[in-house]
Each structure stands twice: as structure tokens, then as C-alpha cells.
Amino acid sequence: MCAKFPHFFLKYHYLVNINNKDLFYLKNIKVSRLYTYFCAMSKQFSVLIVGNGQVGSFLKNAFEQSGVAVQAYARNPSPGWLNLQDVSKAAPTLLSLICVNDDAIALVSDLLPNLDTCMAHVSGALPLSELSTKHQRRAVFYPIMSFNKQPPIDASAIPFCIETEKEEDYLLLEEAAQILGASSQRLNSAQRASLHLAAVLSHNFGNHLIHLAQAELSKLNLDFKLLQPLMRQMLKNIEISPAKNWQTGPALRHDKKTIDKHLLLMDEPLTKAIYEMITQSIQKEHDEKL
């Protein structure tokens, strides 16, 4: 029922009667917000989530804390989750989110019945076309965040990337982000894949480099807190201008003696290889000796 309302609002935007009591004049009210409001007032706004990993569990809790009714299914259900085999018994929802690992999205999508809902996956790397074509309202709802059990993450701090096949589903997902207090942006599959690559380079790889730095410090019982002001300054710098503008260090200066000394200090061959490759990358990028 609610899925048809955006078209109604677009055509009859000047007023709508809710619960036969209040008249709402809509000339200055966002269609998607009223759409979601009406569905919520009708107690029909709900989300179905498949997958109880880190992302699925986070979104389940975040939507529930925002007052949204959530039906949660998983192949190996934990407390508060239902068995995926029973998903055909689910009540109608406006939105279904497939929150499984990338390799399982196509399989799970194909296993799910056509629920007559906006069917979205949450992967940054995979295209919208990863979803089975039997779902007529395919979409992507990708949160740009790394999820762990601890520490807790504020949903309002997460930007969501949205891609849909139908405009009314874009409005729906935009409102879903707003319900969480979060921002959203429309990106196609190619843009999102590039963004995901950048996230891996900056966050996943960056985290691993910090791990290697901590391992080096631990050899002489040095406190990692000594490096934290340096790292905080780096983050402040890149909010001002591109990271390339702030590059410093022996690789940029071509300080061969220092570079050779660092290589001698490292015991792990793979760590040495990473150091050498990043040194070469910095020197190639800046393309000059200082």
C-alpha cells in the first residue's frame, strides 16, 4: 500500500488527510519525509534485515532505537533473530537489507522470495546488479564505516551511499538514512567501487600500517601514545588540503642513510618490502629530490 504513495503525493501535493483528523498542506514539505511519516503513522513502516554480522546487527539496533519495526533473519540466528528459512513468512515491509559478506550477496538474493519491497545490499564493492533480477526494486544502501562490536558507533556520524533503479526507492532510502540521523549521497556502482577502494587504502591499510608501527615500538617497550599527537595532526592537516601537500619524511627527502638504517631495524621481510614499496611510491609521486 505505502509503496504507491509517492506517486500520490507528487500528483496531489497540496493536501492529504491523515487519520481523518489533520489536514497537511504539502507545498513546502519534502515528499519523501511525508511518505515515511504517513507509513509510520499507518504502522506500516518497517525494515527486514538479512544477516546478523557486524553490519546487520548494527543496522538492526540502530533502526530499532529509532523506533522502526525490524524483522531480522539469519542463516545461523542468534537471540533476537529469526531463521532465514522462515523469511517467506515475514510481514510486508518497505525496505529489505541484505547484510551478508560480498561473496554471499548473489546467493542470498536468489534464495529470498520476491517480497515486493525495495531490496538493497550494503556492499561498497559490488554493483547493484549483484542482486537477483527477480527483485524488481533493486538498490544499494552502503554505510561508509568500519563496524566492530566495540566501541559503539553513532549512526548519525555515518554517511550512506544510495543507488536505486527507481526514484521512489531513492526517496525511501534517503529517508531511511535521515531516520538514523545520518547523511546520504547518490552514487552509482562505479563511483561506489572507487570510494570503497579509497576506504580500503586509507582505513584498512592505514590501520595495518599502524599495527606494524606498534609492533616496532613494542620491541623496546615504547608507548604508542608518543605517536598519537603526530597522527592527530595528520588528520587535521588533510581536512585543510590534500594529503600530498603534507607529505614529509625521509622518502620525500631521499635521505638514503636514514632509509637504509630503518630497513636494518626491521626483522620481518614483508614489513621491509612494504617500507620499500611505499618509499618508492612517495618518491614517484613527488618526482623530485629536495
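Quick note on the numbering used here: the sequence shown kicks off at 897 and runs consecutively.
Backbone N, C-alpha and C define an ideal beta-carbon position, used for all residues, glycine too.
Here the structure is a predicted model, which is why all the values come from computation and not from measurement.
* **Counted within 10 angstroms of its Cβ, other Cβ atoms place Glu1064 as buried (16 or more) or exposed** => Walking along the sequence shown from the start, residue 1064 turns up at place 168. By the 10 Å Cβ count, Glu1064 comes out buried.
* Just checking my contact of Ala1021 with Thr1060 at CB under 8 angstroms: how many whole Å lie between their CB atoms? -> For this step, residue 1021 is matched to residue 125 along the sequence shown. For this step, residue 1060 is matched to residue 164 along the sequence shown. Actually they are not in contact, since the Cβ atoms of Ala1021 and Thr1060 sit about 18 angstroms apart, beyond 8 angstroms.
Q) DSSP puts Glu1059 in a beta bridge; with which residues? A) Your numbering for residue 1059 matches position 163 in the sequence shown. Its beta-bridge partners are Val1036.
**Request:** Determine, using beta carbons only, whether Ala1051 and Ala958 come nearer to each other than 8 angstroms.
**Result:** As a first step, residue 1051 is located in the sequence shown; it is residue number 155 there, counting from the start. As a first step, residue 958 is located in the sequence shown; it is residue number 62 there, counting from the start. For the 8 angstroms CB-CB criterion, Ala1051 and Ala958 form a contact.
For Arg1128, count the other beta carbons within 10 Å of its own beta carbon; 16 or more makes it buried, fewer makes it exposed. Which is it? The count along the sequence shown starts at 1 and reaches residue 1128 at position 232. Answer is exposed; the Cβ neighbour count stays below 16.
How many angstroms separate the CA atom of Thr1029 from the CA atom of Leu1003? The residue labelled residue 1029 in the question sits at position 133 within the sequence shown. The residue labelled residue 1003 in the question sits at position 107 within the sequence shown. Taking the straight line from one Cα to the other gives about 12 angstroms.
query: DSSP state of Val964, grouped into three classes?
result: The count along the sequence shown starts at 1 and reaches residue 964 at position 68. Here Val964 carries a coil assignment [DSSP, helix/strand/coil].
Checking contacts by CB at 8 angstroms: is Ser984 closer than that to chain B?
-> Here there is only one protein chain, and chain B is not present.
* Asked: According to the neighbour-count rule (16 or more other Cβ atoms, all chains shown, within 10 Å of its Cβ), is Asn948 buried or exposed?
  -> In the sequence shown, residue 948 corresponds to position 52, counting from 1. Buried, since its Cβ has 16 or more Cβ neighbours within 10 Å.
Exercise. Assuming Cys1014 contacts Leu944 under a Cβ cut-off of 8 angstroms, what Cβ separation, rounded to an integer in Å, is found between them?
Worked result: Within the sequence shown, the letter at position 118 stands for residue 1014. Within the sequence shown, the letter at position 48 stands for residue 944. Actually they do not touch by this definition, with Cβ atoms about 10 angstroms apart.
Proximity winner among Met1173, Leu1116, Leu1024 and Val946, relative to Lys1062 (alpha-carbon distances): The sequence position of residue 1062 within the sequence shown is 166, counting from 1. Closest by alpha carbon: Leu1024.
- Alpha carbon to alpha carbon, what distance is there between Leu993 and Leu1008? One-based indexing of the sequence shown puts residue 1008 at position 112. One-based indexing of the sequence shown puts residue 993 at position 97. The alpha-carbon atoms of Leu1008 and Leu993 are separated by roughly 11 angstroms.
Distance check for His1158 and Glu1172, CA to CA, integer angstroms please.
Walking along the sequence shown from the start, residue 1172 turns up at place 276. Walking along the sequence shown from the start, residue 1158 turns up at place 262. If you take the alpha carbons of Glu1172 and His1158, they lie about 10 angstroms apart.
Buried or exposed: Met1130, going by 16 or more other Cβ atoms within 10 Å of its Cβ?
Residue 1130 sits at position 234 when you count from the first residue of the sequence shown. Flag for Met1130 reads exposed.
**Request:** Just the C-alpha distance for Ile1170 and Gln950, rounded to the nearest angstrom, thanks.
**Result:** Mapped onto the sequence shown, residue 1170 falls at position 274. Mapped onto the sequence shown, residue 950 falls at position 54. Using only the alpha carbons, I get a separation of about 30 angstroms.
Subject >> Of the listed residues Gln1143, Val1018 and Leu1113, nearest to Ala1198 (C-alpha basis) >> reply: The question about residue 1198 has no answer, for the chain in this structure spans 897 to 1186.
Notebook entry, point to check: So is Cys967 buried or exposed if we call it buried at 16+ other beta carbons inside 10 Å?
Noted result: Looking up residue 967 in the sequence shown gives position 71. What sits at residue 967 in the sequence shown is Gln, not Cys. With 16 or more Cβ atoms within 10 Å of its Cβ, Gln967 is classed as buried.
### Message
Could you tell me the alpha carbon to alpha carbon distance between Asn997 and Leu980, rounded to whole angstroms?
### Response
Looking up residue 997 in the sequence shown gives position 101. Looking up residue 980 in the sequence shown gives position 84. Cα-Cα distance, rounded: 15 angstroms.
Notebook entry, point to check: What are the boundary residues of the alpha helix (DSSP H) that Leu1159 is part of?
Noted result: Locating residue 1159 in the sequence shown gives position 263, counting from the first residue. Where Leu1159 is concerned, the enclosing alpha helix (DSSP H) stretches over Lys1152 to Leu1161.
Member of His1104, Gln1032, Leu1011 and Ala1078 whose CA lies at the smallest distance from the CA of Met1041: Along the sequence shown, read from residue 1 onward, the residue named residue 1041 stands at position 145. Closest in alpha carbon position to Met1041, among His1104, Gln1032, Leu1011 and Ala1078, is Ala1078.
**Study point:** Glu1071 burial status per 10 Å Cβ neighbour count (16 or more: buried)
**Key:** Position 175 of the sequence shown, counted from the first residue, corresponds to residue 1071. Classification for Glu1071: buried.
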